[in-house]
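**Q** Take this structure, written in structure tokens, and hold onto it; I'll ask about it next.
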Amino acid sequence: MIKRKMMFILLLFFFVGGLERTILFQSCILASDSKRSEEMSEEQKKELKSRLQELKRQDELKQKEERRRKQEVLRRKIAKLHPEIARKREPLWLQSDQRRQEFNKEVNEAGGRRFLQAKYGLCVSEEQWKLIRPKLEKVINLWDQANSTVGAGVSGGSSNNQKQANLPKLQWERPWKYKPLFEMTEAQRLAEELRILLEKKNTPTEAFRRKVAALREARSKEAEIQKQLTEARRELRDVLTTRQEAVLVLQGWL
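Take my numbering: the final residue in the sequence shown is number 256, and no numbers are missing along the way.
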């Protein structure tokens, strides 16, 4: 009887041990399958990302080609509708490298963009331009000398001081902003120095008084330049047609 019980216990032990090994083996298989599934998922993600990048690149190429086609159509329309001015009026972004080089050469020969814009606007021959250009140059030079006023605009600003927080900040508009110092008139130089004093918080009152007095004196001399400018404009109008005068009035020279 005791032997039977012992045999039964041994059989039960072996059965339970085998069941545990089977469960462990199945768990290992499931874990391996899960890992393999994750790896396949990562590969699919990489492949999907690669495909999206390729589609994006192809879309950009199509858009670029479409823009080029539209530019070519617009260039042809300009040349067809206005053949006499197509070469001169064609926007720079539509021009070839060779045309841009030719345009830059025209700018240099005309004496700058302002002169070239006036020449194109007046639609004059080379002979007429030779007559008009010296008088226009005189007007432009006198206008530069007579212009020392500063415009002012405002922009959003901030401050560490709570009372001044979010107050607008003055933005000074100077016609001579891109001029080198040696090309500025005396009044323009003094106006620039006064602007710098205004931007400093601790500028002494006496410094303001001296600079304001000097600027007023320099501007009083500009009154004579304004008289010369008026006379130069009259001389320029004498060689223009009414239509050409309207062009230069619109451009601000008359």
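Backbone N, C-alpha and C define an ideal beta-carbon position, used for all residues, glycine too.
In three-state DSSP terms, what is residue 206?
**A** coil
**Q** Compare the Cα-Cα distances from residue 194 to each of 64, 217, 241 and report the closest residue.
**A** 217
**Q** Taking the continuous alpha helix (DSSP H) assigned at residue 255, which residues delimit it?
**A** Here residue 255 belongs to no alpha helix (DSSP H), and DSSP marks it neither H nor E.
**Q** Would you kindly check if the distance between the Cβ of residue 209 and the Cβ of residue 199 is under 7 Å?
**A** yes
**Q** Tell me the DSSP secondary structure of residue 243 in three-state form.
**A** coil
**Q** Rounded to a whole number of angstroms, what is the C-alpha to C-alpha distance between residue 59 and residue 65?
**A** 10 Å
**Q** Decide if residue 202 is buried, meaning its Cβ has at least 16 other Cβ atoms within 10 Å, or exposed.
**A** Under a 10 Å Cβ-count criterion, residue 202 is classified as exposed, with fewer than 16 other Cβ atoms of the shown protein chains found around its own Cβ.
**Q** Which residue from 253, 254, 249 puts its Cα closest to that of residue 125?
**A** 249
**Q** Is residue 127 helix, strand or coil when you go by DSSP?
**A** Coil, per DSSP.
**Q** Whole angstroms are fine: how far does the CA of residue 213 sit from the CA of residue 223?
**A** 16 Å
**Q** DSSP on residue 232, reduced to helix/strand/coil?
**A** helix
**Q** Are residue 231 and residue 148 close, meaning C-beta to C-beta below 7 Å?
**A** yes
**Q** In angstroms, rounded to a whole number, what distance separates the CA positions of residue 251 and residue 186?
**A** 25 Å
**Q** For residue 167 and residue 246, what's the separation of their Cα atoms in angstroms?
**A** Confidence is the limiting factor: at residue 167 the pLDDT is only 46, short of 50, which leaves the residue's position unreliable and the question unanswerable from this model.
**Q** What's the gap between the Cα of residue 78 and the Cα of residue 189?
**A** 49 Å
**Q** CB residue 141 to CB residue 234, shorter than 7 Å?
**A** A Cβ-Cβ contact shorter than 7 Å links residue 141 with residue 234.
**Q** Could you compute how far the alpha carbon of residue 237 sits from the alpha carbon of residue 136?
**A** 11 Å
**Q** Going by alpha carbons, who is nearest to residue 215 out of 192, 49, 227?
**A** For the residues 192, 49, 227, the minimum Cα distance to residue 215 belongs to 192.
**Q** Whose C-beta lies closer than 8 Å to the C-beta of residue 138 among residues of the same chain, with five residues either side of it excluded?
**A** 117, 120, 238, 250, 255
**Q** For residue 56, which residues in the same chain have their Cβ closer than 7 Å to its Cβ, ignoring the five residues on either side in sequence?
**A** Closer than 7 Å at the Cβ level, and outside the excluded window around residue 56, lies no residue.
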